[in-house]
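J.:
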Amino acid sequence: MSYIRVKRQRTVYFVEAKITDSVFKVKQTLSHILFKDKSPKDIRLHILGKTPGSFSTLEDNQTLEQVGVQEEGLIYMNQPGEGQWEQVEQIEFEPLQTEEAQ
Numbered sequence: 088m089s090y091i092r093v094k095r096q097r098t099v100y101f102v103e104a105k106i107t108d109s110v111f112k113v114k115q116t117l118s119h120i121l122f123k124d125k126s127p128k129d130i131r132l133h134i135l136g137k138t139p140g141s142f143s144t145l146e147d148n149q150t151l152e153q154v155g156v157q158e159e160g161l162i163y164m165n166q167p168g169e170g171q172w173e174q175v176e177q178i179e180f181e182p183l184q185t186e187e188a189q
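Residue numbers for the sequence shown follow our numbering, so the first one is 88 and each next one is one higher.
1) To which residues does DSSP link Leu161 through a beta bridge?
2) Quickly, what does DSSP pair Pro127 with across the bridge? List them, please.
3) Using 9 Å as the threshold, is the C-beta distance between Glu158 and Ile91 below it?
4) What residues in its chain sit with their C-beta under 7 Å from that of Val175, if we drop five residues either side in the sequence?
5) How should Pro139 be labelled, buried or exposed, when 16 other C-beta atoms within 10 angstroms of its C-beta is the threshold for buried?
6) Can you look up Ile134 in the DSSP assignment and give me helix, strand or coil?
7) Suppose the cutoff is 8 Å on Cβ atoms and the five residues either side in sequence are ignored; what does the same chain contact list for Thr116 look like?
8) Would you kindly work out how many angstroms separate the C-alpha atoms of Val99 and Ser126, rounded to a whole number?
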C-alpha cells in the first residue's frame, strides 16, 4: 500500500494513493473521508513552490507523478473560507516537552 501525506494547518492526513493517481482522485478521496457533504471542488491541493514560502496549485487533470509527488510525499490542502480561500500554511510542529526537559 502506498500513501501520500496531505497537510492542512496543523493536521496531517495519510491518504492511500498511487503516484499515477490524478489530483482529482486524491481530492475525491479527501472529500469522501473528511466532508461527505462537500464536493472535491471545495478542496485545493498544493506543493511547495520554487521560492521559499510559495506554493503551486495542482490542477485536477495532473497526476501526482507529473507534479513531482512521490510515495510518502507531502502536499498541502486548503478550502474556501468566508468569501475567499484559506491561505496555505506551512506550520512547523513544536516538539513535545518531556519530563527531562522540565
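Cβ coordinates follow ideal geometry from the N, Cα and C atoms, glycine included.
T.: With the given structure in hand:
1) Arg92
2) Answer is none; Pro127 lacks a bridge partner.
3) yes
4) His133, Phe142, Tyr163, Asn165
5) exposed
6) strand
7) Val102, Glu103, Ala104
8) 20 Å
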